[in-house]
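Participant:
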Amino acid sequence: MSATTGPRPDEESAARATTATASVREAARPSGARPPGAPRRIGYLYVLPALLVYAAFLLWPLLHGAWISLYAWDGLSVGTFVGLANYVEVFTDEELRASLGHALFLVLFYAVLPCLIGFVLVAAMSRARVRGLTFFRTVLFLPQVVAMVAVAVIWKWIYAADGPLNAVLGLVGLDRAWLGDFTFALPAIGLIGTWVEIGLVMVLFMAGVQKIPMELYDAARVDGAGPVREFLTVTLPGLRRELSVALTLTTVAALRNFDLVWNTTGGGPGTNTRVPAYQVYNQAFSEGEVGLACAIGLVIAAGVFAFNVGLTRLVEGRR
Numbered sequence: 001m002s003a004t005t006g007p008r009p010d011e012e013s014a015a016r017a018t019t020a021t022a023s024v025r026e027a028a029r030p031s032g033a034r035p036p037g038a039p040r041r042i043g044y045l046y047v048l049p050a051l052l053v054y055a056a057f058l059l060w061p062l063l064h065g066a067w068i069s070l071y072a073w074d075g076l077s078v079g080t081f082v083g084l085a086n087y088v089e090v091f092t093d094e095e096l097r098a099s100l101g102h103a104l105f106l107v108l109f110y111a112v113l114p115c116l117i118g119f120v121l122v123a124a125m126s127r128a129r130v131r132g133l134t135f136f137r138t139v140l141f142l143p144q145v146v147a148m149v150a151v152a153v154i155w156k157w158i159y160a161a162d163g164p165l166n167a168v169l170g171l172v173g174l175d176r177a178w179l180g181d182f183t184f185a186l187p188a189i190g191l192i193g194t195w196v197e198i199g200l201v202m203v204l205f206m207a208g209v210q211k212i213p214m215e216l217y218d219a220a221r222v223d224g225a226g227p228v229r230e231f232l233t234v235t236l237p238g239l240r241r242e243l244s245v246a247l248t249l250t251t252v253a254a255l256r257n258f259d260l261v262w263n264t265t266g267g268g269p270g271t272n273t274r275v276p277a278y279q280v281y282n283q284a285f286s287e288g289e290v291g292l293a294c295a296i297g298l299v300i301a302a303g304v305f306a307f308n309v310g311l312t313r314l315v316e317g318r319r
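Listed below in structure tokens is the structure:
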């Protein structure tokens, strides 16, 4: 007669322990709580409006512009598909290529020069806390909140042949038609950009230097560090993220510069101050080359994107 088989005592104990553990977990879980790993769909609902706005006003125009850039189109008649011919023209046409060079030249005045001046001022302030920083920041930041058209009008008056700048420089024989000079027109516009952007750079740098502990400066001075070494070992590493933001914002401002050029020189003398943003307007509304205008805009957008990616990786890699 065969004996009835059943679970062994050790297997039965293990099963009971597993069941008890699961019961405890279920009891400990708050009512309505999601199980681990469950999709949090409510989060997507929160960001959905922003994503829709982004897609409607940025992503779709960008894609549509990329599509138009493949056509020779005047904005009215039926376009002709030309493939990448518009992009080839951006880099082969002498005037368009020169406008790209003008934009890179303006980056020196909009981004590099303000950052260098900002570093000098911040390095001086880091060695001695300056009172009245709030007032100082406000005065420096004022050009950022003034309309660029107003800035252009003011500086056009300053640069005028009978303006205050020539009134002073004329005393030593250095007066000239700054905005009408083939050599000095573009640097003159660049200096306006320096004046506008230095306030933004200084606000970022001053906010960054205030979060650097004073103990680091004291330790550097105890070690015998001079002003240069103190700046390179304490101030500059502490301002790395602020420098990244400043370079990004000022470079974008230099590459999208249109209103300042339009209201000061109109792209002249000749074509010496024509920049890519001016060429986008000129090709689309004066020359009837909408496809070429879109290609110029996308080339600039790609350049800004590549610069931002490279700068971000450089900053994050050195943290």
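Here the working numbering is used: position 24 in the sequence shown is 24, and no number is missing along the way. Beta carbons are placed, not taken as given, at the ideal position from N, Cα and C, and that holds for glycine. The structure displayed is predicted, hence computed values, not measured ones.
Ends of the alpha helix (DSSP H) at G193?
Facilitator: Segment 185-210, the alpha helix (DSSP H) holding G193.
Participant: Taking the alpha carbon of T248 as the point to measure from, which residue in V90, A306, A50 has its own alpha carbon closest?
Facilitator: Per the Cα distances, A306.
Participant: For A124, count neighbouring C-beta atoms within 10 Å of its own C-beta (all shown protein chains included) and say buried if the count is 16 or more, exposed if not.
Facilitator: The residue in question, A124, is exposed, as its Cβ has fewer than 16 Cβ neighbours within 10 Å.
Participant: From what residue to what residue does the alpha helix (DSSP H) around T248 run?
Facilitator: First-last of the alpha helix (DSSP H) with T248: 240-255.
Participant: Counting beta carbon pairs with one atom in the region 67-80 and one in the region 286-298, are three or more of them shorter than 8 Å?
Facilitator: Touching, per the Cβ criterion.
Participant: Using a 10 Å radius around the Cβ and a threshold of 16 neighbouring Cβ atoms, would you call I300 buried or exposed?
Facilitator: It is buried - the Cβ of I300 has at least 16 other Cβ atoms within 10 Å.
Participant: With a Cβ-Cβ cutoff of 8 Å, do V275 and H102 count as a contact?
Facilitator: It is a contact, given that the beta carbons lie within the stated cut-off.
Participant: Should L200 and F141 be called a contact, given that it needs their Cβ atoms to be closer than 8 Å?
Facilitator: Result yes, Cβ atoms of L200 and F141 sit closer than 8 Å.
Participant: Helix or strand or just coil, what does DSSP make of F81?
Facilitator: Of the three classes helix, strand and coil, the one that applies to F81 here is strand, per DSSP.
Participant: Tell me the DSSP bridge mates of A72?
Facilitator: Partner(s): T80.
Participant: Straight-line CA distance for F57 to I192?
Facilitator: Roughly 31 Å separates the two Cα atoms.
Participant: DSSP three-state label for L174, please.
Facilitator: L174 falls in the coil class under three-state DSSP.
Participant: Which of the three DSSP states, helix, strand or coil, is assigned to E316?
Facilitator: Here E316 sits in helix by DSSP.
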